[in-house]
Amino acid sequence: MSDTVIHAEAVSKRYIIRHNRLSHLTLRDSLSAGVKRLLGRGGSAQQEEFWALRDVSFAVERGSRIGIIGRNGAGKSTLLKVLSRITPPTEGRITIKGRVASLLEVGTGFHPDLTGRENIYMNGAILGMKRHEIRAKFDEIVAFAEVDRFLDTPVKRYSSGMFVRLAFAVAAHLEPEILIVDEVLAVGDAEFQKKCLGKMHDVSTGEGRTVFFVSHNMAAIENLCTHAIYMTRGKVTKVGPARDVVDLYVRKGGSTDLANARAVGAVFELMRVRAGTPEGAPLTPLKPAIIELQFRSTRAISDASAHVLFEDLNGSPVFGLDSCDFVARTGLAANESATLRFNVASLPLQPGPYRVRLWLKSQGEHLIWEVPDIFDVTVEAASVYGGRAIERQYHGTAAAVVTASLERQMEVAA
Amino acid sequence: MTTESPAVVDLQAQQQVHEPLLVIDAHKAEQQYWRDLWAYRELAAFLAWRDILVRYKQTAMGIAWAVVRPLLLMLVGTFIFEKVLRQPSVGDVPYAILVYCGVLPWQFFGDSLTASSNSLVANANMISKIYFPRLLLPLSKLVVSCVDFVLSFCVLGLLMAWYGFAPSANIVFLPLFVLLGAATAFAAGQILAALNVKYRDVMYVVPFIVQFGAYMSSVFFSSDRIPEQYRAIYSLNPMVSVIDGFRWCVLGPVSSLYWPGIVSAVLVVVALLIGGAVYFRKTERTFADVI
Chain A
1 MSDTVIHAEA
11 VSKRYIIRHN
21 RLSHLTLRDS
31 LSAGVKRLLG
41 RGGSAQQEEF
51 WALRDVSFAV
61 ERGSRIGIIG
71 RNGAGKSTLL
81 KVLSRITPPT
91 EGRITIKGRV
101 ASLLEVGTGF
111 HPDLTGRENI
121 YMNGAILGMK
131 RHEIRAKFDE
141 IVAFAEVDRF
151 LDTPVKRYSS
161 GMFVRLAFAV
171 AAHLEPEILI
181 VDEVLAVGDA
191 EFQKKCLGKM
201 HDVSTGEGRT
211 VFFVSHNMAA
221 IENLCTHAIY
231 MTRGKVTKVG
241 PARDVVDLYV
251 RKGGSTDLAN
261 ARAVGAVFEL
271 MRVRAGTPEG
281 APLTPLKPAI
291 IELQFRSTRA
301 ISDASAHVLF
311 EDLNGSPVFG
321 LDSCDFVART
331 GLAANESATL
341 RFNVASLPLQ
351 PGPYRVRLWL
361 KSQGEHLIWE
371 VPDIFDVTVE
381 AASVYGGRAI
391 ERQYHGTAAA
401 VVTASLERQM
411 EVAA
Chain B
415 MTTESPAVVD
425 LQAQQQVHEP
435 LLVIDAHKAE
445 QQYWRDLWAY
455 RELAAFLAWR
465 DILVRYKQTA
475 MGIAWAVVRP
485 LLLMLVGTFI
495 FEKVLRQPSV
505 GDVPYAILVY
515 CGVLPWQFFG
525 DSLTASSNSL
535 VANANMISKI
545 YFPRLLLPLS
555 KLVVSCVDFV
565 LSFCVLGLLM
575 AWYGFAPSAN
585 IVFLPLFVLL
595 GAATAFAAGQ
605 ILAALNVKYR
615 DVMYVVPFIV
625 QFGAYMSSVF
635 FSSDRIPEQY
645 RAIYSLNPMV
655 SVIDGFRWCV
665 LGPVSSLYWP
675 GIVSAVLVVV
685 ALLIGGAVYF
695 RKTERTFADV
705 I
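Set out below in structure tokens:
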């Protein structure tokens, strides 16, 4: 007998995105635009359909631990939201057997003015626990979170580590048949993360629960999950045993060749992005780099420009390049394509993964379009100063690397 | 996908017995909504409990605010309408008690309406991260206002003792009018809450309703002062009947009941409750996307 607990059939989710024009319009402009809209001509906000999920189908058997992987914007979180009934699918159908509890964010419903004890009850109720269940698990939760001394302190006085521990502890002691966890563990310290992963493993193997787990941490996915779903732009790229899927993801996602990138906006279309050395090799610290974008526009634009922003995996911006800061102006006829190439003399980045976000814009047309895809690039490890290959973790995870040389002077002690 | 561990299989039999089956379909409304609403009743209680615990934190006067506000409103109303505008009371009822009997249900209504129409937006974070029947949020606000209502009702008792005024036997019917008031507040609150998700204009409309509605609901004077030809239209506002009924229960037959008004109030409230619930359910699915 097959024992499928979740069955998703052709699930799709559509969002309508409105592109707002640049915000430094005058009040007079917005009033006249409003009047025009009322009169039903011109001036309307540009709308665009965006399919966050497209024809997603899969079946999950009881007791499996499913990892969901993919780049930012691939639809992982949307899938979890649809499974948790927070937002309805636009198309398709999901059948779920058993009680679902989802932990999409740590500490939802925590109130800063309430004490740890009060918040345990509050949060438990929000996650769907009954009062007697919470009472029965109370001591276990407190022990797991290691906050017993601060139970009657308002959580606004907690350190962020204590806060996260308490919040996860409540969720970990739920007894749903299906547990859905978004990338919430990224906030805790390494030891606590390990404890949480262990707990998720235990509930699944020991108690036959099914776990859904989104993470960018491939090691965690490989360790915890039996199976994985790899998503790209709202579609399922691969479903299978966790190891195989992670392998595929690492091979694809880690590459710097973004030649097939393609995204369509209301006015602009991004046709190609490339990041690498001028010779076409992967990005390397302190070596020349090029970042190249090819795009076109559906209508004539006198001053098209592009903005490139590098972020680290925590979302902190590292550096940006804006073509407006350079002399050239790029005029575009309708449907004409342009290629902008930023030449970076010496890439100031430590080895490791980064994300690249792109904007295409026009001051004259009051238009800014953020490319919905976020691109992953990897800066290769290399020996920069002639010694060992540098690694970000040696430098307190600082993102920057600088041109430097080392001088030595030796004296014999008197 | 298959499970790999044989231990898992053993547990199936005992687990399958009480497992609910959930179907999420893009084109069908969820069938288990009302059952869920019942299943999550504890959450409503917890939400109300949280609000009660938190609301007077970091205030110097704390819970006293629940009784100070209606008292101040009563004092101002009595001064303006009795002393300045020279409105007569009904029978030998002290004017202060007449006004307080209007202020009490009105404040209950106003507080519930304000809190419930903001309840979804104020908990936007919960709505976008957790599933629960969203109707619980405006419902829990109603519970919170009930607590304040009970407190300020005790003040009515003190006030009547001060004036040596005994309540009438009609007071046994009081719960019916409190229920009508609560239903009015909830019916309007759920609609405004759902509208507020998309149109934040509601935030500006509600204080206006609460402020000026007091003058359109006989809070500071007896409804008998309304000219006969306007009485029917005036009574379309359900709160008029709630306040009239409240006075009739507390002050006794000296304050008359206007039956056509009560019938229309019940009809209006039932229509608002049903229509509001339908609208709420229809828009509820997209709250997380819009909020």
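Residue numbers (our numbering), protein chains in the order written: chain A, 1 to 414; chain B, 415 to 705. Just so you know, even glycine gets a beta-carbon here, dropped at the ideal spot from N, CA and C. Source: prediction; values computed, not measured.
For residue i and residue j, I'd like the C-alpha separation in whole angstroms.
{"i": "B/C568", "j": "B/V535", "result": "32 Å"}
{"i": "A/A345", "j": "A/D322", "result": "16 Å"}
{"i": "B/A510", "j": "B/S669", "result": "15 Å"}
{"i": "A/I178", "j": "A/H366", "result": "47 Å"}
{"i": "B/A691", "j": "B/I605", "result": "8 Å"}
{"i": "B/I705", "j": "B/P641", "result": "45 Å"}
{"i": "B/V682", "j": "B/Y648", "result": "13 Å"}
{"i": "A/V308", "j": "A/E336", "result": "21 Å"}
{"i": "A/S12", "j": "B/V437", "result": "15 Å"}
{"i": "A/G161", "j": "B/F495", "result": "59 Å"}
{"i": "A/P495", "j": "A/E118", "result": "Absent from the structure is residue 495 of chain A, since the part of chain A shown begins at 1 and ends at 414."}
{"i": "A/R131", "j": "A/Y249", "result": "43 Å"}
{"i": "A/C225", "j": "A/E175", "result": "19 Å"}
{"i": "B/G571", "j": "B/G666", "result": "15 Å"}
{"i": "A/T95", "j": "A/F375", "result": "33 Å"}
{"i": "B/S655", "j": "B/R661", "result": "10 Å"}
{"i": "A/F110", "j": "A/R357", "result": "33 Å"}
Is it buried or exposed, residue i, if we count other Cβ atoms within 10 angstroms and call 16 or more buried?
{"i": "B/T700", "result": "exposed"}
{"i": "B/F694", "result": "buried"}
{"i": "B/Q625", "result": "exposed"}
{"i": "A/A389", "result": "exposed"}
{"i": "A/F295", "result": "buried"}
{"i": "A/E391", "result": "exposed"}
{"i": "A/A289", "result": "buried"}
{"i": "B/D615", "result": "exposed"}
{"i": "A/V402", "result": "exposed"}
{"i": "B/N610", "result": "buried"}
{"i": "A/I16", "result": "exposed"}
{"i": "A/F326", "result": "exposed"}
{"i": "A/A74", "result": "buried"}
{"i": "B/A575", "result": "exposed"}
For residue i, write down the residues that DSSP places opposite it in a beta bridge.
{"i": "A/S102", "result": "A/I180"}
{"i": "A/V356", "result": "A/F310 and A/F375"}
{"i": "B/E444", "result": "None; B/E444 has no bridge partner."}
{"i": "A/Y15", "result": "A/F50"}
{"i": "A/W369", "result": "A/L360"}
{"i": "A/P154", "result": "A/T115"}
{"i": "B/C581", "result": "Inspection of the sequence shows that residue 581 of chain B is occupied by Pro rather than by Cys. According to DSSP, B/P581 bridges with nothing at all."}
{"i": "A/E61", "result": "A/T4"}
Considering only their Cβ atoms, is the gap separating residue j from residue i smaller than 9 Å?
{"i": "A/L470", "j": "A/V377", "result": "Coverage of chain A is limited to positions 1 through 414, which leaves residue 470 of chain A absent and any answer about it impossible."}
{"i": "B/I657", "j": "A/I86", "result": "no"}
{"i": "A/A125", "j": "A/F144", "result": "no"}
{"i": "B/G524", "j": "B/G659", "result": "no"}
{"i": "A/G98", "j": "A/V5", "result": "yes"}
{"i": "A/A334", "j": "A/S297", "result": "yes"}
{"i": "B/A480", "j": "B/S566", "result": "yes"}
{"i": "B/L686", "j": "B/A601", "result": "yes"}
{"i": "A/G67", "j": "A/A101", "result": "no"}
{"i": "B/V592", "j": "B/P502", "result": "no"}
{"i": "A/F150", "j": "A/V106", "result": "no"}
Within the continuous alpha helix (DSSP H) that includes residue i, where are the two ends?
{"i": "A/T139", "result": "At residue 139 of chain A the sequence reads Asp, which differs from the Thr that was named. Its alpha helix (DSSP H) spans residues R131 to A145."}
{"i": "B/K612", "result": "L588 to K612"}
{"i": "B/T528", "result": "Y509 to A536"}
{"i": "B/Y629", "result": "No alpha helix (DSSP H) contains B/Y629, which DSSP labels as neither H nor E."}
{"i": "B/L457", "result": "R455 to R469"}
{"i": "B/F567", "result": "L550 to Y577"}
{"i": "A/E503", "result": "For residue 503 of chain A there is no data in the structure shown, the boundaries of chain A being 1 and 414."}
{"i": "A/F163", "result": "S160 to A172"}
{"i": "B/A646", "result": "E642 to Y648"}
{"i": "B/P484", "result": "W479 to T492"}
{"i": "A/R274", "result": "Taken as a continuous stretch (DSSP letters only), A/R274 belongs to no alpha helix (DSSP H), being part of the beta strand (DSSP E) at F268 to G276."}
When the cut-off is 9 Å and only beta carbons count, does residue i lie next to chain D?
{"i": "A/I94", "result": "In the structure shown, chain D does not exist; the protein chains are A and B."}
Could you tell me the boundaries of the beta strand (DSSP E) in which residue i lies?
{"i": "A/F295", "result": "A289 to S297"}
{"i": "A/T232", "result": "H227 to T232"}
{"i": "B/A694", "result": "This sequence places Phe at residue 694 of chain B; Ala is not what is there. Element bounds for B/F694: not the beta strand (DSSP E) but the alpha helix (DSSP H), W673 to E698."}
{"i": "A/S337", "result": "S337 to V344"}
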